[in-house]
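With this note's numbering applied, the sequence shown corresponds to residues 59 to 231, in that order.
Notes to accompany the following structure.
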Amino acid sequence: TVAAGGGSICQFVDGRMTVGPASAGASPGPACYGHGGPLTVTDVNLLLGRLPESKFPFRLDRAAANQRLADIANLMGEPWKDSLPKLAEGFLDIAVTHMAEAVRTVSTAEGSDVRKMTLVGFGGAAGGHLCRVAQQLGMTRILDHPHAGLMSALGMGLASIGTTITRGIYQTI
Numbered sequence: 059t060v061a062a063g064g065g066s067i068c069q070f071v072d073g074r075m076t077v078g079p080a081s082a083g084a085s086p087g088p089a090c091y092g093h094g095g096p097l098t099v100t101d102v103n104l105l106l107g108r109l110p111e112s113k114f115p116f117r118l119d120r121a122a123a124n125q126r127l128a129d130i131a132n133l134m135g136e137p138w139k140d141s142l143p144k145l146a147e148g149f150l151d152i153a154v155t156h157m158a159e160a161v162r163t164v165s166t167a168e169g170s171d172v173r174k175m176t177l178v179g180f181g182g183a184a185g186g187h188l189c190r191v192a193q194q195l196g197m198t199r200i201l202d203h204p205h206a207g208l209m210s211a212l213g214m215g216l217a218s219i220g221t222t223i224t225r226g227i228y229q230t231i
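This is how it looks when you write it as C-alpha cells:
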C-alpha cells in the first residue's frame with residue numbers, strides 16, 4: 059500500500075509541490091466533498107476529467123476543488139496562475155511516481171524485475187491509476203479486479219488481530 063491515494067493532500071511547501079503522505083481522510087475529505095477540505099489527488103482527478111462524477115452517491119463540488127488548486131497556483135507565482143490544468147497534471151504525476159516507486163522498491167528488494175510481472179490494483183482509485191503506474195514501471199500487464207475498491211477493506215477485515223513485540227538482546231561476548 060502506498061500513501062498516494064485519493065485523500066493524499068497536494069501542497070506547495072518550501073518551494074516544491076508535494077503529494078502526501080498527509081491525508082484529508084474521510085472528514086473533511088477532499089475539497090470536492092464540500093466540507094472545506096484541502097486539495098487532494100481526488101480533486102486533481104476530478105479537475106482533469108478522470109473521475110466519473112455520476113458514480114458518486116453525492117454531488118461533487120468542482121468549484122471548491124478548482125479554488126484550492128488556484129490558491130496553490132497563487133502561492134507558486136505568476137506563471138502558474140494561467141496553467142491550472144498543467145499544475146493539476148503535475149500533482150497527478152507526483153502521486154503516480156510515489157506509487158510506482160513503492161512498487162519498484164519492494165520488488166527490487168526481493169530481486170524481482172517488475173517488467174515481467176502483472177500489476178494488480180486495489181483500493182478505491184486503483185483503476186484510475188493502474189495504467190500510468192504500469193507504464194512508468196515498464197510493465198505491460200495489469201489486473202483491474204472489479205472489486206478492487208473493496209480489496210483493501212476486505213484484507214483488513216480478514217487479517218489476524220495480534221501484537222508483535224520486538225526487543226533487542228544485547229550480550230557481551
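Note that CB positions come from ideal geometry on N, CA and C, so glycine has one too.
Distance cut-off 7 Å: residue i Cβ against heavy atoms of the ligand PLP
| i | result |
| --- | --- |
| residue 131 | In the structure on display, the ligand PLP does not appear, and there are no ligands present to speak of. |
Same chain, Cβ closer than 7 Å to residue i, neighbours up to 5 away in sequence not counted
| i | result |
| --- | --- |
| residue 188 | 177, 179, 200 and 202 |
| residue 153 | 62, 66, 77 and 99 |
| residue 227 | none |
Span of the alpha helix (DSSP H), counted from its first residue to its last, around residue i
| i | result |
| --- | --- |
| residue 157 | 142-167 |
| residue 117 | Unbroken run through residue 117: none, as it is neither H nor E. |
| residue 105 | 99-105 |
| residue 109 | Neither: residue 109 is in no alpha helix (DSSP H) and is coded neither H nor E. |
| residue 199 | Unbroken run through residue 199 is the beta strand (DSSP E), 199-201; no alpha helix (DSSP H). |
| residue 284 | Because the chain in this structure spans residues 59 to 231, residue 284 falls outside the shown range and cannot be described. |
| residue 139 | 136-139 |
| residue 95 | Segment: none, residue 95 is in no alpha helix (DSSP H) and carries neither H nor E. |
| residue 190 | 184-195 |
Sequence-distant residues of its chain with Cβ nearer than 8 Å to residue i (five each side left out)
| i | result |
| --- | --- |
| residue 151 | none |
| residue 93 | 85, 86 and 87 |
| residue 194 | 154, 155 and 158 |
First and last residue of the uninterrupted beta strand (DSSP E) at residue i
| i | result |
| --- | --- |
| residue 177 | 176-178 |
Other residues of its chain near residue i: CB distance less than 6 Å, five sequence neighbours each side excluded
| i | result |
| --- | --- |
| residue 207 | 182 |
Stretch pair the stretch 145-163 + the stretch 87-105: three plus CB contacts closer than 8 Å: For the pair of segments examined, the stretch 145-163 was found to touch the stretch 87-105: the number of CB pairs separated by less than 8 Å reaches three.
Three or more C-beta pairs below 8 Å linking the stretch 121-138 and the stretch 154-173: Too few Cβ pairs lie closer than 8 Å, so no.
Whole beta strand (DSSP E) elements within the stretch 64-92, 3-residue minimum: Runs of the beta strand (DSSP E) inside the stretch 64-92: 66-71 and 74-81.
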